[in-house]
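**Q** Note that the protein sequences, when read in sequence, are chains U and Y.
Quick note on our numbering: the first sequence kicks off at -17 and runs consecutively.
Quick note on our numbering: the second sequence kicks off at -17 and runs consecutively.
All residues carry an ideal CB built from backbone N, CA and C; glycine is no exception.
One structure, pasted below without further comment.
There are 2 protein chains.
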Amino acid sequence: MQMTSDLMTIRQMCDAFDVTPRTLRFYEAKELLFPQRDGTRRLFTRRDRARLTLILRGKRFGFSLEDIRQILDLYDRDGSNHAQTLRTYELAQARLAQMEAQRAELDVAIAELRVELDAGGAMIAGLRRAAE
Amino acid sequence: MQMTSDLMTIRQMCDAFDVTPRTLRFYEAKELLFPQRDGTRRLFTRRDRARLTLILRGKRFGFSLEDIRQILDLYDRDGSNHAQTLRTYELAQARLAQMEAQRAELDVAIAELRVELDAGGAMIAGLRRAAE
DNA sequence: CGTTACATTTACGTTAACGTCAAGCAATCT
DNA sequence: AGATTGCTTGACGTTAACGTAAATGTAACG
């Protein structure tokens, strides 16, 4: 139970999250992650891992890294500059509405694709019978 | 009530779907749409409009145009070449599973973002009170 | 018949999100 | 010591999905 097991190397991160080193360095360059340094080497903290989880999730919904960065900032606010905090808050709110709309559409799309698949399945069954 | 109102010019399409001419030409080049021609000019059919609706929806879920093109082909199968039909069918099926997983994750993400927003809202309310 | 308003093709430009070398430092194995 | 392994920083390459500009065509308006 060493405290240091809190810190992970770039390779451990890659294995754990199934990303490439390049991706992690890229995210650091874009200020999405803030790994500590042991000399020149990166050491990723628990905070980095939490953020990476959110980043990867966000990506699956088609959000840009820049969008994600702004939303992540919501998690780190100290409440100093009102204006920016408020702006970020509103941005996240808009995003939420957008996600709910997306979910509704996703439901429709899923239903539609199901219908198509049923039709396709029947057709294929037909082809199979015809092939005998 | 002219039969020809079935056909729409590129501008009408752009206005109806809020896309640029370039986008429609691009989709044609990528074989996602197949407008007729009046001499050199494009005339989009009902089928093109149906496809465009599906294209735009697919895009909102982060599917690539190539993915979308393959799924659209499912709608146009005549059942001639079994192998390809089967492959497309399986692709669509995988896609459906993926979409359902995405929908589940989206629920989680929405819930999480809601929690954040509540916290942010409380904080902002606090800031407002402090500012008086 | 001139010009205005859209249409067309061709082709180069752009952004995001990395991939892919290249070259070098550092610790570790043999 | 030499070689291997893994990390580092540049820096250029790549793909998708269009944007944008140039040159040209043509239909309609006045």
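1) Is it a yes or a no for the stretch 46 to 59 of chain U touching the stretch 75 to 87 of chain Y, going by three-plus beta-carbon pairs under 8 Å?
2) I want to see whether chain U comes within less than 8 Å of Leu99(Y), judged by CB atoms only; does it?
3) Determine, for Arg111(Y), whether the minimum Cβ-Cβ distance to residues of chain U falls below 8 Å.
4) Please list the partners that Ile92(Y) has in chain U, where partner means a Cβ-to-Cβ separation under 9 Å.
5) Exposed or buried, which one is Thr116(Y) when buried takes at least 16 other CB atoms within 10 Å?
6) What does Tyr9(Y) reach in chain U if we use C-beta pairs closer than 8 Å?
7) Counting C-beta neighbours from all protein chains within 10 Å, is the total for Phe16(Y) 16 or more, i.e. buried, or is it exposed?
8) With a floor of 4 residues, list each alpha helix (DSSP H) that falls wholly inside the stretch -12 to 62 of chain U, ordered by position along the chain.
9) Show which residues of chain U have a CB atom less than 8 Å away from the CB atom of Ile37(Y).
10) DSSP three-state call for Leu95(U): helix, strand or coil?
11) Is the CB-CB distance between Ile106(Y) and Leu78(U) below 8 Å?
12) Could you tell me the alpha carbon to alpha carbon distance between Met(-10)(Y) and Leu25(Y), rounded to whole angstroms?
13) Taking 8 Å as the cut-off, decide whether the C-beta atoms of Leu38(U) and Leu14(U) are in contact.
14) Alpha carbon to alpha carbon, what distance is there between Gln18(U) and Leu34(Y)?
15) Quick check on Asp30(Y): buried or exposed, where buried means 16 or more other Cβ atoms within 10 Å of its Cβ?
16) At a cut-off of 7 Å, is Leu68(U) close to the ligand GDP when judged by its beta-carbon and the heavy atoms of the ligand?
17) Give the secondary structure of Glu87(Y) by DSSP, where H, G and I count as helix, E and B as strand, and everything else as coil.
18) Tell me whether Thr(-14)(Y) sits in a helix, a strand or coil according to DSSP, three-state version.
19) For Tyr9(U), which of Leu36(U), Thr22(U), Asp(-12)(U) has the nearest alpha-carbon?
**A** Per the coordinate set shown:
1) no
2) For the purposes of this step, residue 99(Y) is taken as residue 117 along the second sequence, with counting starting at 1. At least one chain U Cβ lies under 8 Å of Leu99(Y).
3) The residue given as residue 111(Y) occupies position 129 in the second sequence. Chain U, which has no Cβ nearer than 8 Å to the Cβ of Arg111(Y), makes this no.
4) Looking up residue 92(Y) in the second sequence gives position 110. Correct list: Leu78, Met81, Glu82, Arg85.
5) The shown model of chain Y, from -17 to 114, leaves out residue 116(Y), and the question about it has no answer.
6) What you label residue 9(Y) is simply residue 27 of the second sequence in a count that begins at 1. The premise fails here: Tyr9(Y) is roughly 19 Å from chain U at the closest Cβ pair, so nothing lies under 8 Å.
7) Taking the second sequence and counting its residues from 1, the one referred to as residue 16(Y) is at position 34. When all chains shown are included, Phe16(Y) counts as exposed.
8) -8 to -1, 3 to 11, 28 to 42, 47 to 55
9) As a working mapping, residue 37(Y) is identified with position 55 in the second sequence. None at all; the shortest Cβ gap to chain U is about 12 Å.
10) Counting from 1 along the first sequence, the entry for residue 95(U) is found at position 113. Leu95(U): helix per DSSP, three-state reduction.
11) Position 124 of the second sequence, counted from the first residue, corresponds to residue 106(Y). Position 96 of the first sequence, counted from the first residue, corresponds to residue 78(U). Cβ distance not < 8 Å, so Ile106(Y) and Leu78(U) don't count as in contact.
12) If you number the second sequence from 1, residue -10(Y) lands on position 8. If you number the second sequence from 1, residue 25(Y) lands on position 43. So the alpha carbons of these two residues sit roughly 5 Å apart.
13) As a working mapping, residue 38(U) is identified with position 56 in the first sequence. As a working mapping, residue 14(U) is identified with position 32 in the first sequence. No, the pair does not count as a contact, with Cβ atoms beyond the cut-off.
14) Locating residue 34(Y) in the second sequence gives position 52, counting from the first residue. Locating residue 18(U) in the first sequence gives position 36, counting from the first residue. Roughly 48 Å separates the two Cα atoms.
15) As a position in the second sequence, residue 30(Y) is number 48, starting the count at 1. Looking at its Cβ environment, which holds 16 or more other Cβ atoms inside 10 Å, Asp30(Y) is buried.
16) Judged by which ligands are present, the structure shown has none, so any question about the ligand GDP falls away.
17) Locating residue 87(Y) in the second sequence gives position 105, counting from the first residue. DSSP places Glu87(Y) in helix when its eight states are reduced to three.
18) Counted from its first residue, the second sequence places residue -14(Y) at position 4. In this prediction, Thr(-14)(Y) scores a pLDDT of 47, lower than 50, which makes its location untrustworthy; no coordinate-derived value is stated.
19) Reading the first sequence from its first residue, position 27 is the one you call residue 9(U). The shortest C-alpha separation from Tyr9(U) is found at Leu36(U).
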